[in-house]
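Read left to right, the sequence shown gives residues 1 to 102 (the UniProt record's numbering).
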Amino acid sequence: MSLRTHPARLAAIAANAETFDPGVPCRAKGHVSPRNARKLYCLACDRDRERRATQAKRARAKRLAKVHAREAAEMAAMFETVRANWHARAARYGTKIPKAFQ
Numbered sequence: 001m002s003l004r005t006h007p008a009r010l011a012a013i014a015a016n017a018e019t020f021d022p023g024v025p026c027r028a029k030g031h032v033s034p035r036n037a038r039k040l041y042c043l044a045c046d047r048d049r050e051r052r053a054t055q056a057k058r059a060r061a062k063r064l065a066k067v068h069a070r071e072a073a074e075m076a077a078m079f080e081t082v083r084a085n086w087h088a089r090a091a092r093y094g095t096k097i098p099k100a101f102q
């Protein structure tokens with residue numbers, strides 16, 4: 001069913017007839033389509049903007065997950081290096097190994 005002829009949309013237009021302006025161009029694409037006079041974008045463009053925002057959030061979360069995984073791997077490698085150094089020092093000089101590195 002078309003967005004223009006969707007019954008819920010037509011009912012909303014009828015209910016808000018005084019705030020609806022059918023001849024004003026949409027701010028996003030410049031096409032003339034019915035839009036709420038208080039908004040800058042028509043319904044189709046609003047949906048597009050929401051979809052793009054959702055995609056951007058998802059992409060950002062994916063990027064951050066990769067960064068966090070890489071940082072966790074680096075931290076684990078550093079910990080193992082420090083642990084190996086403590087064990088080497090203990091073997092060479094007979095010093096005590098801290099509990100965290102035993």
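Glycine included, every Cβ here is placed at the ideal spot set by N, Cα and C.
Work out the CA separation of residue j and residue i for me, nearest whole Å.
i: Ile97; j: Ala91; result: 10 Å
i: Asp48; j: Glu80; result: 48 Å
i: Thr54; j: Asn85; result: 47 Å
i: Asp71; j: Asp46; result: Note on residue identity: the sequence assigns Glu, not Asp, to residue 71. Using only the alpha carbons, I get a separation of about 37 Å.
i: Glu74; j: His68; result: 10 Å
i: Arg58; j: Pro7; result: 32 Å
i: Thr95; j: Ala65; result: 40 Å
Per DSSP, what kind of secondary structure is residue i in: helix, strand or coil?
i: residue 166; result: Nothing about residue 166 can be reported from this structure: the residues present for the chain run from 1 to 102 only.
i: Gln55; result: helix
Rounded to the nearest angstrom, how far is the Cβ of residue i from that of residue j, given a contact under 8 Å?
i: Arg83; j: Phe101; result: 4 Å
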